[in-house]
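In my numbering, the protein residues as written are 102 to 381. All C-beta atoms in this analysis are idealised placements derived from N, C-alpha and C, irrespective of residue type, glycine included. Remember, it's a predicted structure, so these values are computed and weren't measured experimentally. Note sheet for the following structure.
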């Protein structure tokens, strides 16, 4: 996908993302954690955010709520998770109630590009393996900065790309799988700096991505077998296309064209704009 994202295209991307990650397909391949590194990398990200009792954390694109629940339990903070998918919000809410954390963790349906919170409401914000899927990244970054208080903290982890990717990693399925619109690390930094964050820490965790991609390839084979023997129902899944995507992703990771990075920033007093930078 190239050029500016038209409004209809943007809605399609967001809707497809929400449907995919709420589907049985995502559960089979990814489990409850939708990002490389799982709980261990969430712990690493959380360790930079000065979390603790009385602090408010926003989890953008919170999925099934695994990170929000983990961080609330680990640090004693209050957490609000937002996701575009009503189904995932319902699942996350049920998981929070089952964990006995409903007094400190809540979820709501929301668009990352129009967060329904007052300015400076949160002490910290995390977004794991989702920013690259947002059609209007400049607006999303500005919203992150708006809802985080001055001197509050940002924790972002996402796929990074270096150079051209194979053509089959540039369609809608690749986009919503966090690949098609992955950006160079420097571009993420530019978005966040322009929105009002000073970046303090950057870490590369490429091995976490490699492990996840290989795990997905193995699960694809298992899922296809279970579907064939009628032990699993995944209607509408194109296994050939999924295998090609997974194979191309694995090759791109091996060649250093796809990676995974973590960054931590501090909210500055004055937010700026991104000159000459558009959502693609």
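Of the listed residues the options, nearest to residue i (C-alpha basis)
| i | options | result |
| --- | --- | --- |
| residue 256 | 232, 263, 264, 265 | 232 |
| residue 313 | 164, 185, 174, 354 | 354 |
| residue 303 | 287, 315, 295, 297 | 287 |
| residue 265 | 216, 283, 248 | 283 |
| residue 251 | 306, 285, 296, 171 | 296 |
| residue 185 | 174, 166, 175 | 166 |
| residue 140 | 159, 152, 170 | 170 |
Terminal residues of the beta strand (DSSP E) in which residue i lies
| i | result |
| --- | --- |
| residue 253 | 249–262 |
| residue 362 | 359–368 |
| residue 301 | 298–305 |
| residue 225 | 223–229 |
Distance, residue j Cα to residue i Cα
| i | j | result |
| --- | --- | --- |
| residue 358 | residue 197 | 37 Å |
| residue 277 | residue 236 | For residue 277, the predicted model reports a pLDDT of 42, less than 50, meaning its position is unreliable; a value from the coordinates is still stated below. In a straight line, the C-alpha of residue 277 is about 10 Å away from that of residue 236. |
| residue 218 | residue 361 | 29 Å |
| residue 146 | residue 345 | 31 Å |
| residue 349 | residue 240 | 30 Å |
| residue 142 | residue 149 | 11 Å |
| residue 258 | residue 162 | 12 Å |
| residue 181 | residue 248 | 12 Å |
| residue 195 | residue 179 | 17 Å |
| residue 138 | residue 370 | 32 Å |
| residue 253 | residue 225 | 5 Å |
| residue 158 | residue 220 | 14 Å |
| residue 188 | residue 263 | 34 Å |
| residue 173 | residue 211 | 20 Å |
| residue 347 | residue 366 | 32 Å |
| residue 274 | residue 230 | Note that residue 274 scores 46 on pLDDT, short of 50, meaning its location in the model is unreliable; the coordinates nonetheless yield the value given after this. Cα to Cα, the separation comes out at about 15 Å. |
| residue 227 | residue 343 | 29 Å |
Residues that DSSP places opposite residue i in a beta bridge
| i | result |
| --- | --- |
| residue 183 | 161, 209 |
| residue 174 | Looking at the DSSP assignment, residue 174 forms no beta bridge with any residue, so it has no partner. |
Where residue i falls, given that 16 or more other Cβ within 10 Å makes a residue buried
| i | result |
| --- | --- |
| residue 201 | exposed |
| residue 154 | exposed |
| residue 177 | exposed |
| residue 123 | Because the pLDDT of residue 123 is 49, which lies under 50, any placement of that residue in the model is unreliable, and the number read from its coordinates should be weighed accordingly. Buried. |
| residue 368 | buried |
| residue 244 | buried |
| residue 215 | exposed |
| residue 341 | exposed |
Extent of the continuous alpha helix (DSSP H) to which residue i belongs
| i | result |
| --- | --- |
| residue 141 | 139–147 |
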